[in-house]
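Data block below; observations after.
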Amino acid sequence: MKNSIQVENLSASYDNNLAIWGVNTHIHGGEITSLIGPNGAGKSTLIKAMLQLIPKKSGHVLFYNQDSQVTQIPRKKIAYMPQREHIDWNFPISVEGVVEMGLYPKLKFFKKITTSEKDIIDSCLKKVQMEDFRKRAISELSGGQQKRVFLARALAQEADYLFLDEPFSGIDKGSEEILLTQLQELKKKHKVIFIIHHDLFSVWRHSDKIILLNKRIVAHDTGEEILKSGLLEEVYGSDSCEMIELLRKVKRIHDR
Amino acid sequence: MIVSISIFIAIISISLCAAVGFFSNLRNETLESEMLAHSLFPGFCAAFILNTYTQSPLFIVLGSFFSALLALYLKNFLSEKERALKEASLPFILATFYSAGVALLSIINRNADGKQKGLSNILIGQANALDQSDLLFALFSWVVALIFFAINRRQLLSFSFDRSFFTTNFKKKESFYVFYYFVITLSLLVAARSVGFLLASSLFILPAASAEQLSKNYKKRFLICLLVAAIMGGAGILLSYYVKEAAAGPSLSIIGLICFFIFLSFFTKKSWLYQLFSKIFWKYKIQSEDALRKAFLLNEKEKKTQFQLHEIISTQESKSSQLLSSFHLKLKKYIHQNKDQSYSLSEKGAAHAEDMTYRHRSLELFFVEKLKIDPNEVHELAHQLEHYFSPQECKKLIQEIGFDENDPHGSKIPSYTLLNKKGVPGYL
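Just so you know, the protein sequences line up as chains G and W, in that order.
Quick note: the first sequence uses my numbering, first residue 324, plus one each step.
Quick note: the second sequence uses my numbering, first residue 646, plus one each step.
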């Protein structure tokens, strides 16, 4: 049995305006699920409501683990990478310190970081190729490096459910490849990987399943099926038709 | 004696506020501290009025605490109700609670009790007249704060850096918040005794803001913050003692402000003092590296191991500059004086001289072989750039050329491997 998340009739609002309503979906572990939708579709709100970072209006979210046990929210098993703007990058903490934070929920009150935990930090930093930057302040890194450090923190957490809000936005090609490699590794371990994607051209390459959201779930399918269905034009509006047609051509060339 | 006791009590009190304020500063929520400092005021006064029957300091603490919680609840309520009110809610609550506090204070001051108990000083504080009861209260608050820090140090760091990580990974958040705001209340009450409710938040903000200029490591920053608090306590009390007209509370805040501006003006990378020192450092670093290379060439070409300073230090520089360069070379122990008053390179100096020659000649080789620059023009270019390239970078530049034995002028390039074996810094 794989980890999975069941979302049932989830609604949430901002300033009394419903940002998402009646969201029903099942996100499976062992595959990368990407969430797409136009601006204001409620992508970040959906993740925040699922993680109880904002209050929900209705519905519930069930997290199934590998033993089929259900919990409301499995603390310590969730890794969330927020959007860049939501982190204070001038915070006086080193790369190593951020990754070490991933171990905090499992450490007892007075337990110090031991050699075995330092080894975990080392190996996580190596996986995202940030071991040479361990002593650097987080403020001194590029956008891509900062996201790699956050992924290293998620790896240190040994989280079963990963929620990444626009991890590929504004990062260099090298960092993108490193993130993708690690996500593929996590996929093999049947982790739930849920990503908000901003770039329609690369989402097909990064995902096994795609959820198209426009306050409600419009489609939840493979990229190919969503592209064929014509729902993208419907959701993104007629202004985006040319872009979506171009996208189809790019995908056809890529598939060949 | 009285002054030193006052200084001691002030340092204990201010360092507590600085330690707690440090975390508000980390979360960029210093304005919230300001709001809380003012919102304790009506609770404090109301408790004082009711306390005439019980005479318990706990009553005052709880009154202030509930006042702070009410302010926080209202702030969250307003922010969630209307996003536009998120920013405006802080000054709105600050003004409302402060007005309520002043109204209650005027009621208290109508009877003699308030003045007798020093409550008339509660707006501007009485840092130079703190007594044993203030010390005990500050020490008690320190103990509570230390217990909180010890139990919640990891939660506190996560909470300050990434609120979503804290929310998704830690249980018992409600008790954390209650404990956290209780510690803030205690330290604000301590601050109010020292500098008054008007300036209480300055003890939260100024040490942390000063420390922020100096370090990117939160542990070091925390220690600097405590140091600034100690300076504020010591210098502030002395200022109010020697300048008779100066009230102690504002004196502490003025010293805090001076610390902040000194750090901002002199110790950040953008400050003029840092820039000046950096310029001087690079000037003498470059001059001494050039001098070392000249000493290396004297040995290589003329087999001269002993030399006079004017032979290696450029005479085109001013006398004072030459003097400083020679001083720098001696200070760094790159050269030592012989019995006959001549100089020789020390082992450390010889290694560094060889290192500079490696950088110079490999850059020359790279410019000629890779960038196809005329060999007659590369010397000056390499001479300028050798100070800014690390040995590893130089090695990377020339490793694809296929040969690295001689520079374009036929001079031997020192061996990277040998320099590495000698343990010269930078040769990894």
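The beta-carbon is built from N, C-alpha and C at its ideal position, and this holds for glycine as well.
Item checked: As assigned by DSSP and simplified to three states, the class of residue 727(W) -> Residue mapping note: residue 727(W) aligns to position 82 of the second sequence, counting from 1. Coil, per DSSP.
Next item on the list: For my contact list, residue 512(G) and residue 364(G) are in at a C-beta cut-off of 8 Å; report their separation, rounded to the angstrom.
Entry: Reading the first sequence from its first residue, position 189 is the one you call residue 512(G). Reading the first sequence from its first residue, position 41 is the one you call residue 364(G). About 30 Å; that fails the 8 Å criterion.
Check: Does the Cβ-Cβ distance between residue 543(G) and residue 355(G) come in under 8 Å?
Finding: Mapped onto the first sequence, residue 543(G) falls at position 220. Mapped onto the first sequence, residue 355(G) falls at position 32. One thing to note: residue 543(G) has its Cβ no nearer than 8 Å to the Cβ of residue 355(G).
Item checked: chain G contacts from the segment 669-681 of chain W (Cβ-Cβ distance under 9 Å) -> 671, 672 and 673
Checklist line | Cutoff 7 Å; reference residue 828(W); Cβ partners in own chain excluding five residues on either side | finding: Numbered from its first residue, the second sequence carries residue 828(W) at position 183. Here the set comprises 665, 789, 790 and 793.
Notebook entry, point to check: With DSSP run on the structure shown, which of helix, strand or coil describes residue 1128(W)?
Noted result: With chain W covering only 646 through 1073, there is no way to say anything about residue 1128(W).
Next item on the list: Compare the Cα-Cα distances from residue 779(W) to each of 755(W), 653(W), 1061(W) and 689(W) and report the closest residue.
Entry: Counting from 1 along the second sequence, the entry for residue 779(W) is found at position 134. The shortest Cα separation from residue 779(W) among 755(W), 653(W), 1061(W) and 689(W) belongs to 653(W).
Notebook entry, point to check: For residue 498(G), which residues from the same chain have a beta carbon less than 6 Å from its beta carbon, with the 5 sequence-adjacent residues on both sides left out?
Noted result: Mapped onto the first sequence, residue 498(G) falls at position 175. Taken in chain order, the residues that qualify are 467 and 471.
Notebook entry, point to check: For chain G, is any of its Cβ atoms less than 8 Å away from the one on residue 659(W)?
Noted result: Indexing the second sequence from 1 puts residue 659(W) at position 14. At a cut-off of 8 Å between beta-carbon atoms, residue 659(W) makes no contact with chain G.
Notebook entry, point to check: For residue 800(W), is the classification buried or exposed, using 16 other Cβ atoms within 10 angstroms of its Cβ as the cut-off for buried?
Noted result: Here residue 800(W) is taken as the residue at index 155 of the second sequence, counted from 1. Looking at its Cβ environment, which holds 16 or more other Cβ atoms inside 10 Å, residue 800(W) is buried.
Margin query: In chain order, what are the residue ranges of uninterrupted alpha helix (DSSP H) at least 4 long that sit wholly in the segment 505-561 of chain G?
Written below: 523-529, 546-552 and 554-559
Next item on the list: Apply the 10 Å Cβ neighbour rule to residue 1013(W) and answer buried if 16 or more other Cβ atoms are within range, or exposed otherwise.
Entry: Translated into positions along the second sequence, residue 1013(W) becomes position 368. Result: buried.
Margin query: Would residue 327(G) and residue 519(G) qualify as a contact pair, given that the criterion is a beta-carbon distance under 8 Å?
Written below: Start at 1 with the first residue of the first sequence, and residue 327(G) comes out as number 4. Start at 1 with the first residue of the first sequence, and residue 519(G) comes out as number 196. Result no, Cβ atoms of residue 327(G) and residue 519(G) do not sit closer than 8 Å.
Note to self: Can you find the residues in the same chain that come closer than 7 Å, C-beta to C-beta, to residue 1002(W), ignoring five residues on each side of it along the sequence?
What the structure shows: As a first step, residue 1002(W) is located in the second sequence; it is residue number 357 there, counting from the start. Contacts found: 938, 941 and 1059.
Notebook entry, point to check: When DSSP labels each residue in this structure, what does residue 1032(W) get in the three-state scheme?
Noted result: One-based indexing of the second sequence puts residue 1032(W) at position 387. Correct three-state label for residue 1032(W): coil.
Notebook entry, point to check: In chain G, which residues lie less than 8 Å from residue 814(W) when you measure between Cβ atoms?
Noted result: Residue mapping note: residue 814(W) aligns to position 169 of the second sequence, counting from 1. Those are 398, 399, 401, 427, 428 and 480, listed as they occur along chain G.
Item checked: Rounded C-alpha distance that separates residue 483(G) from residue 514(G) -> The sequence position of residue 483(G) within the first sequence is 160, counting from 1. The sequence position of residue 514(G) within the first sequence is 191, counting from 1. The straight-line gap from Cα to Cα measures roughly 5 Å.
Item checked: Contact list for residue 796(W) against chain G, beta-carbon separation under 8 Å -> Position 151 of the second sequence holds residue 796(W). Going along chain G in sequence order, the residues near residue 796(W) (Cβ under 8 Å) are 432.
Note to self: Do residue 701(W) and residue 685(W) have their beta-carbon atoms positioned less than 8 Å apart in this structure?
What the structure shows: For this step, residue 685(W) is matched to residue 40 along the second sequence. For this step, residue 701(W) is matched to residue 56 along the second sequence. Not in contact: residue 685(W) and residue 701(W) (Cβ atoms no closer than 8 Å).
Next item on the list: Kindly identify the DSSP beta-bridge partner or partners of residue 981(W).
Entry: Taking the first residue of the second sequence as position 1, residue 981(W) is located at position 336. 989(W).
Next item on the list: Please confirm if residue 731(W) has its CB atom under 8 Å from at least one CB of chain G.
Entry: For the purposes of this step, residue 731(W) is identified with residue 86 of the second sequence, where counting begins at 1. False, the Cβ-Cβ gap to chain G never drops below 8 Å.
Note to self: Taking 8 Å as the threshold (C-beta atoms), are residue 461(G) and residue 422(G) in contact?
What the structure shows: By one-based count along the first sequence, residue 422(G) stands at place 99. By one-based count along the first sequence, residue 461(G) stands at place 138. Contact flag unset, no.
Item checked: Contact residues within the segment 907-933 of chain W, judged by C-beta distance below 8 Å to chain G -> none
Note to self: Please confirm whether residue 492(G) has its beta-carbon closer than 8 Å to some beta-carbon of chain W.
What the structure shows: As a working mapping, residue 492(G) is identified with position 169 in the first sequence. Closer than 8 Å: no.
Next item on the list: Go ahead and label residue 905(W) buried or exposed: buried means 16 or more other beta carbons lie within 10 angstroms of its beta carbon, across all protein chains shown.
Entry: Indexing the second sequence from 1 puts residue 905(W) at position 260. Looking at its Cβ environment, which holds 16 or more other Cβ atoms inside 10 Å, residue 905(W) is buried.
Check: For chain G, is any of its Cβ atoms less than 8 Å away from the one on residue 831(W)?
Finding: Locating residue 831(W) in the second sequence gives position 186, counting from the first residue. Look at residue 831(W): its C-beta is not under 8 Å from any C-beta on chain G.
Check: Can you give the beta carbon distance from residue 517(G) to residue 350(G), rounded, assuming they're within the 8 Å contact cut?
Finding: On the first sequence, residue 517(G) is found 194 positions in, with the first residue counted as 1. On the first sequence, residue 350(G) is found 27 positions in, with the first residue counted as 1. Confirmed, about 6 Å.
Checklist line | DSSP three-state assignment for residue 1007(W), whether helix, strand or coil | finding: In the second sequence, counting from the first residue as 1, residue 1007(W) sits at position 362. Residue 1007(W) falls in the helix class under three-state DSSP.
Item checked: Simplified DSSP state of residue 590(W), which is helix, strand or coil -> Outside the shown range of chain W (646 to 1073) lies residue 590(W), about which nothing can therefore be said.
Next item on the list: Using a cut-off of 8 Å between C-beta atoms, extract the partners of residue 860(W) located in chain G.
Entry: Indexing the second sequence from 1 puts residue 860(W) at position 215. Near residue 860(W) (Cβ distances below 8 Å), the residues of chain G are 415.
Next item on the list: Assess, as a yes-or-no matter, whether the segment 859-867 of chain W is touched by the segment 884-895 of chain W under the definition of 3 or more beta carbon pairs within less than 8 Å.
Entry: Between the segment 884-895 of chain W and the segment 859-867 of chain W, the count of Cβ pairs shorter than 8 Å is below three; the stretches do not touch.
Margin query: Within the continuous alpha helix (DSSP H) that includes residue 856(W), where are the two ends?
Written below: Locating residue 856(W) in the second sequence gives position 211, counting from the first residue. Element bounds for residue 856(W): 818-857.
Item checked: Own chain partners of residue 683(W) with C-beta closer than 6 Å, once the 5 adjacent residues on each side are dropped -> Taking the first residue of the second sequence as 1, we reach residue 683(W) at position 38. Excluding positions up to five away in sequence, the list reads 739, 742 and 743.
Notebook entry, point to check: What in chain W is Cβ-close to residue 405(G), meaning under 8 Å?
Noted result: Within the first sequence, the letter at position 82 stands for residue 405(G). Ordered by position in chain W, the residues that pass the 8 Å Cβ test against residue 405(G) are 807 and 809.
Notebook entry, point to check: At a Cβ threshold of 8 Å, is residue 410(G) touching chain W?
Noted result: Residue numbering aside, residue 410(G) sits at position 87 when the first sequence is read from its first letter. True, the Cβ-Cβ gap to chain W drops below 8 Å.
Checklist line | residue 867(W), enclosing alpha helix (DSSP H) - first and last residue | finding: Stepping through the second sequence from its first residue, residue 867(W) is reached at position 222. Per DSSP, residue 867(W) belongs to the alpha helix (DSSP H) from 863-887.
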